[in-house]
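For reference, the structure discussed in these notes is given below.
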Amino acid sequence: IRMAELTLQPDACVAQIAREHGINDNLLFNWRNLHRQGLLAPANRAALIPITMEPVTPPPRQNGVVSTDIPPVISCRLTLPGGSLNLTGPLTPELLRTLIIELRDVSHD
Numbered sequence: 492i493r494m495a496e497l498t499l500q501p502d503a504c505v506a507q508i509a510r511e512h513g514i515n516d517n518l519l520f521n522w523r524n525l526h527r528q529g530l531l532a533p534a535n536r537a538a539l540i541p542i543t544m545e546p547v548t549p550p551p552r553q554n555g556v557v558s559t560d561i562p563p564v565i566s567c568r569l570t571l572p573g574g575s576l577n578l579t580g581p582l583t584p585e586l587l588r589t590l591i592i593e594l595r596d597v598s599h600d
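For the sequence shown, the working numbering gives the first residue as 492, with consecutive numbering after it.
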């Protein structure tokens, strides 16, 4: 967003700004157009990510009663362009929140 805003300054040269930041000028022109249309979101704004729900195997039963001795298994599979990450175990909201924050920070480096 910062680079797109730089292109909107009076006498700004998009090609020069792109060179200074090591990116293609066509990419910066695209970002500038998206910014003008209000389609670029600030980095601190919450982002939605697609999820899929898979059926869960029901817990085992003994004599028609669900066994409470076996803790439920919770798992999460995160599929990224470079590979997949499988998490199994006690997935707390705090753990998932931290994972999302860390992934977001890495993608902005």
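Built from N, CA and C at the ideal position, the CB exists for glycine as well.
Asked                                                                                                     : Found
Classification of ALA506 by the beta-carbon crowding that lies within 10 angstroms, buried from 16 upward : exposed
Buried or exposed (CB count within 10 angstroms, at least 16 for buried), ALA503                          : exposed
Residue from LEU571, ILE565, PRO541 and THR589 whose Cα sits closest to the Cα of PRO581                  : ILE565
Length of the line joining the Cα atoms of THR498 and ASN515                                              : 14 Å
Whole-Å CB distance - ILE508 paired with LEU519, under 8 Å assumed                                        : 6 Å
Residues that DSSP places opposite LEU569 in a beta bridge                                                : LEU576
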